[in-house]
Amino acid sequence: MKRESINAKNAPAPRGGYSQAVKIEDFKTLVFISGQIPVADDDKVPESFEDQARLVWRNIDAQLKAAGMTKADLVKVTTFLSDRYHATANREIRSEYLGSIAPAMSVVIASIFDGKWLLEVEAIAAQ
1 MKRESINAKN
11 APAPRGGYSQ
21 AVKIEDFKTL
31 VFISGQIPVA
41 DDDKVPESFE
51 DQARLVWRNI
61 DAQLKAAGMT
71 KADLVKVTTF
81 LSDRYHATAN
91 REIRSEYLGS
101 IAPAMSVVIA
111 SIFDGKWLLE
121 VEAIAAQ
């Protein structure tokens, strides 16, 4: 698969940890990961945003592994936050997980299905 990060010179530069666009060519597999929620396999929901965010990324990682992929295959990530107050912690924890991987990204402030959930993250991966 050929992957290229695109950050057009005549548009705003990304503000850390993502690409404005990701172009993929010659891929064999495309996986759409439904919104992952901060629920553990024992059905418990952590209280803190940080613990919820780390759990969501572990859940995404589990879906990627089940598809035979890794986080390096992520090309698009959409995060839904219950409150903009969590934006900084979200960015920090996302960076912990992704490192130098820079998929296209959106963050939306939204009312989330369950009031205990402080975020939900969906993703697209290609290989």
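For what it's worth, the UniProt record's numbering labels the leading residue of the sequence shown as 1, then goes sequentially.
Glycine residues also receive a C-beta, built at the ideal position from the N, C-alpha and C atoms.
Handout entry: Sufficient close CB pairs (3 or more, under 8 angstroms) joining the segment 21-31 to the segment 112-120
Key = No, the segment 21-31 does not touch the segment 112-120.
Problem - Residue closest to L119, alpha-carbon to alpha-carbon, out of V39, A72 and V75 - result: That would be V39, whose Cα lies nearest to the Cα of L119.
Exercise for the section: Please go through the same chain and pick out, in chain order, the residues whose beta-carbon is closer than 6 angstroms to the beta-carbon of A67, but skip the five residues on each side of it. Expected result: Once the five neighbours on either side are set aside, the close Cβ partners of A67 are V31.
Practice task
Can you have a look at I6 and say buried or exposed, based on whether 16 or more other CB atoms are within 10 angstroms of its CB?
Solution key: When all chains shown are included, I6 counts as exposed.
Practice task
Specify the secondary structure class of T70 as computed by DSSP and reduced to three states.
Solution key: DSSP, reduced to helix, strand and coil, places T70 outside both helices and strands of the structure shown, so it counts as coil.
Exercise for the section: Rank Q127, A53, I124 and A126 by C-alpha distance to the C-alpha of A89 and give the top, closest one. Expected result: Comparing Cα positions, the closest option is A53.
Exercise for the section: Can you say whether R15 is buried or exposed, counting buried as having 16 or more other CB atoms within 10 angstroms of its CB? Expected result: Of the residues assessed, R15 falls on the exposed side of the cut-off, its CB having fewer than 16 other CB atoms within 10 angstroms.
Exercise for the section: Report, in whole angstroms, the separation of the C-beta atoms of S106 and G17, which I expect to be a contact under 8 angstroms. Expected result: For a cut-off of 8 angstroms, the C-beta gap from S106 to G17 is around 13 angstroms, too long to register as a contact.
Handout entry: Host alpha helix (DSSP H) of I91 (start-end)
Key = According to the sequence as given, residue 91 is Arg; it is not Ile. From DSSP, the alpha helix (DSSP H) with R91 extends over A87 to L98.
Problem - Where R54 sits in the DSSP three-state scheme - result: R54: helix per DSSP, three-state reduction.
Practice task
Give the DSSP-derived three-state secondary structure of K44 in the structure shown.
Solution key: Note: K44 maps to coil in three-state DSSP.
Problem - Beta-carbon contacts of V56 that lie in its chain and below 8 angstroms, excluding the five residues immediately before and after - result: Sequence-distant partners of V56 (beyond 5 residues in either direction) whose C-beta falls short of 8 angstroms from its own C-beta, in its chain, are Q36, I37, P38, L119, E120 and V121.
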